[in-house]
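Structure record follows, encoded as structure tokens.
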Amino acid sequence: MDLSSDFKELVRSRTEIVSLIGESTTLIPERGGAEYKCLCPFHEDTNPSMRVYPDRQSFRCWVCDEGGDVFTWVMKREALSFPETIRFLAERAHLEMPEQSKHQSEQFARKEELHAVLKWAELQFHECFLKSTEAKDARDYISRRGYNQQTVDEFRLGYHPEDWDWLQRKAKTQFSIDALQQSQLIRKQDDRPGYSDYFVDRVLFPIHDERKRTVAFGGRLIPGHKERGGKYFNSKESPVFHKSRVLYGLPNARDGIRDTKSVLVVEGYADCVACHQFGVRNVVATLGTALTELHCNRLKAFAQKVVMVYDGDAAGQNAAAKAVGMLIGQSVDLRVLTLPEGADPDDYLKTNGTKAFQALVDKAPEAWEFRFNYEVKKYGLDSINSRETVVTEMLQLLAGASDLQGTTREDIILTRLAPRLQLTEGAIRNQLQRIRSASRPQQFQTKPVQEEQPVIEQEERIEVHRRPLTKDDRMECELLEILLTEPERAEQARQEIGVDDFLNPHLRELLQIVYDVVELGEVPSFERVTLEMERNELKGMTVWLADQAREKGIEHKLRENSDGGASILFRQVIDVLKWRREVLSHKADFQKQAMSGEGNDALSMLQKAAAFHRKRVQR
């Protein structure tokens, strides 16, 4: 998506950061409303460590260093890409997106039509469930499951009558056959020409994406009715529906997830709905697929702990063990709960109640520990062979998680695993290394094949503000702090200090953006500069520099230490950087001459060195 700076600025100007962040957390005003504090959602925070600055429309956590502008907040909080974030905030501000390329426009229009069709279909199914005499068995079934009217309305439960073209007739004057087919609401008939509706004689569970848009449906066969396919089936994948990314019930669960900092993942939408009705509000469900890495990436934006909940039968145990193999390398507190044999979440809640269910959740073992217990139960530890098998299975699990290698998380797991197996940590590590070496040519694959690029790509980490600064870093930070405080000085700085004069690549990138804005004839204010950034890490560094400037009182120093309108502090910083440039240039020339011998004898080189030294002393 190629969007102009003007439109991005319009979106930002229509998005007040205090209002935006205040939608999902409690803000406490400080300094008469000049800034706000709140609990940081990006780490385990008990003492409000995040600051929100209305004057420059930014935020920063003083513990984990996450920070940025309104775009950063939405990208990190909602797990959206930058283009998705622009669209999200534009819709929030009731702004119409600008025209795009023909291909982009067509693609967007197509998806918008599919969303419209699916939203319309949801309404038809829901009204049919509530009002139609044909839906009596569906209503009776839902009642027997214990769902009340509030739950029916919240999850927009529906019904499709036993009529093979019921939806097509209703859509005749509104949507084309092609739109219905693309939405996976109808399908071509196998035995005769024409189409048939997809979800005939089923209770329907609408599936929504994170923006609460209808993207698909799940259908449940009514007990006692004619079987058509399996008990459950979902919409096929479409341009707006990808099973590996969508989690059922996420829009309903978001408040519960944020309140508890945890999320429970169950195996089906019926269990998800049941949990919500029993007051367990931080529950989502996968849709005919195991929990994927893309799902985890989504959930990590909201929760610090992910608990996978599986039925207590053998199939549930095996599915849980397999899921651990896929996700053990994830940087999240991953737990696995398997319910008592024969129970699913709905059954357990009805029999034992919410408090007992929550107690099981609280005691759920970490993913690695669950897998260890699973292997021990399967093979035992009684003999040398069984113990060796368990060791091999666990180490193959870790070896397959490429993201885990060399991390502190892996070290902790190995430290805990060794005494369980009555082996030294050194022996465990050596065996793990041998397994990795042996499997390198055909590496165990932990990541599922992706049909499209992940929505959130891993960013390069910018460490300037996360490590002790070098002397050179401090020089460059000082100039940027001044320019972020008084951006009107950027033109003068550009005349004397070039981008190539900066040694730190990240600080150099920021200076280049400042100068680019100047080149456009605009003042490179904090808001204008961050508008040119799409990388959240770079925005975070910029927020940190602005905070450093505020802490140091740069604004006061610039005005206090002035001589005839020219800031002494600004002049000093410029001169120090110019002198560094001269020193580096001298060193480079001296080294070049020494290696090439370009007609300079030792005496003349010493004389030049002495002259430069006198110049340094004079300074």
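Take the sequence shown: its letters are residues 0 to 618, numbered as in numbering that gives the first Met the number 0. Yeah, the Cβ is synthetic: ideal placement off N, Cα and C, and Gly gets one too.
Inter-stretch contact (C-beta, 8 Å, three-pair minimum) for the segment 80 to 89 and the segment 60 to 72:
yes
Helix, strand or coil, according to DSSP, for Cys63 in the structure here?
coil
Does the beta-carbon of Val279 have 16 or more other beta-carbons within 10 angstroms, so that it is buried, or is it exposed?
Looking at its Cβ environment, which holds 16 or more other Cβ atoms inside 10 Å, Val279 is buried.
Spatially closest choice to Asn233 from Gly223, His224, Val245 and Arg59, by CA coordinates:
Selected option, being the one with the closest Cα: Val245.
Under the three-state reduction of DSSP, which class applies to Val625: helix, strand or coil?
Because the chain spans 0 through 618 in this model, residue 625 falls outside it and cannot be assessed.
Can you grab the Cα-Cα spacing for the pair Met74 / Phe81, in whole Å?
Roughly 7 Å separates the two Cα atoms.
Identity of the residue in Tyr158, Glu161 and Ile185 nearest Lys171 by Cα:
Nearest of Tyr158, Glu161 and Ile185 to Lys171, Cα basis: Ile185.
Taking buried to mean at least 16 other C-beta atoms within 10 Å of its own C-beta, is Gln452 buried or exposed?
With a pLDDT of 36 at Gln452, under the threshold of 50, the modelled position of this residue cannot be trusted; read the value that follows with caution. Label assigned to Gln452: exposed.
Could you give the distance in angstroms between the alpha-carbon of Asp361 and the alpha-carbon of Asn147?
Straight through space, the alpha carbons of Asn147 and Asp361 are spaced by roughly 27 Å.
Under 6 Å Cβ to Cβ from Ala134, same chain only, skipping five residues before and after it: list those, please.
Cys127, Phe128 and Tyr158
Are there three or more Cβ pairs, one per stretch, closer than 8 Å when the segment 310 to 328 is compared with the segment 337 to 357?
yes
Range of the contiguous alpha helix (DSSP H) that encloses Tyr373
Ala366 to Tyr378
Going by DSSP in three states, Thr484 sits in which element: helix, strand or coil?
helix
Since Lys260 contacts Lys304 with CB under 8 Å, what's their CB separation in whole angstroms?
7 Å
Have a look at Asp258 and Ala587 and give me their C-alpha separation to the nearest angstrom.
Looking at the two C-alpha atoms, the distance is approximately 58 Å.
Which same chain residues, not among the five before or five after Gln188, have their C-beta less than 8 Å away from its C-beta?
Tyr194 and Ser195
Please check the pair Val542 and Arg527, which I expect to be a contact at CB under 8 Å, by giving their CB distance rounded to whole angstroms.
With 8 Å as the limit, Val542 and Arg527 do not qualify as a contact, their Cβ atoms being about 14 Å apart.
Taking Cβ positions, are Val51 and Ile20 nearer each other than 8 Å?
The Cβ atoms of Val51 and Ile20 sit closer than 8 Å to each other.
Should Lys242 go down as buried or exposed, given a rule of 16 or more other Cβ atoms within 10 Å for buried?
buried
Please identify the residue among Pro47, Thr391 and Tyr247 whose C-alpha is closest to the C-alpha of Leu26.
Pro47
Leu420: which of Ala437, Ala548, Leu380 and Asn384 sits nearest, CA to CA?
It is Leu380 whose Cα lies nearest to the Cα of Leu420.
Contact between the segment 323 to 333 and the segment 272 to 287: three or more CB pairs below 8 Å?
no
Got a sec: does the ligand NAD put a non-hydrogen atom nearer than 7 Å to the Cβ of Ala342?
Among the ligands in the structure shown, none appear at all, so the ligand NAD cannot be discussed.
According to DSSP, simplified to helix, strand and coil, what is Ala120?
helix
First and last residue of the alpha helix (DSSP H) that includes Glu495?
Ala489 to Glu495
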